[in-house]
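In this note's numbering, the protein residues as written are 11 to 99.
So, in structure tokens, the structure goes:
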């Protein structure tokens with residue numbers, strides 16, 4: 011069980027979506043990754059043991075992927091999605 015989960019919304023440079031998606035599939039903390047329409051290009055659902063670990067995931071692993079130009083992280087306060095975090099009610 012993890013202690014925290016979040017949705018990470020990403021803006022990706024034009025022409026990089028497929029490369030970013032491929033790189034993200036190798037990151038074990040990501041429970042799902044979807045290419046979407048609207049103001050963001052990719053949304054990922056992530057699980058971590060702590061907020062620090064979540065922060066490291068975003069700032070080191072995700073923001074280090076070529077093509078990601080901006081991330082917005084939305085930490086879940088309660089989940090009913092079937093993930094493994096403690097915020098399940």
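C-beta: ideal position from N, C-alpha, C; glycine also.
DSSP-derived helix/strand/coil call for residue i
{"i": "residue 68", "result": "helix"}
{"i": "residue 21", "result": "strand"}
Chain E contact for residue i (CB, 7 Å cutoff)
{"i": "residue 48", "result": "Protein chains in the displayed structure number just one, and chain E is not present."}
Between the CA atoms of residue j and residue i - distance to the nearest angstrom
{"i": "residue 75", "j": "residue 46", "result": "18 Å"}
{"i": "residue 72", "j": "residue 40", "result": "10 Å"}
{"i": "residue 35", "j": "residue 23", "result": "18 Å"}
{"i": "residue 26", "j": "residue 50", "result": "13 Å"}
{"i": "residue 86", "j": "residue 29", "result": "27 Å"}
{"i": "residue 52", "j": "residue 20", "result": "5 Å"}
{"i": "residue 90", "j": "residue 13", "result": "14 Å"}
{"i": "residue 59", "j": "residue 70", "result": "16 Å"}
{"i": "residue 65", "j": "residue 93", "result": "19 Å"}
Where the alpha helix (DSSP H) through residue i begins and ends
{"i": "residue 30", "result": "27-34"}
Nearest residue (CA-CA) to residue i, options the options
{"i": "residue 77", "options": "17, 32, 16 and 15", "result": "32"}
{"i": "residue 82", "options": "18, 13 and 14", "result": "18"}
{"i": "residue 84", "options": "55, 44, 29 and 37", "result": "55"}
{"i": "residue 79", "options": "37, 68 and 64", "result": "68"}
Residue range of the beta strand (DSSP E) that includes residue i
{"i": "residue 45", "result": "40-45"}
{"i": "residue 57", "result": "52-58"}
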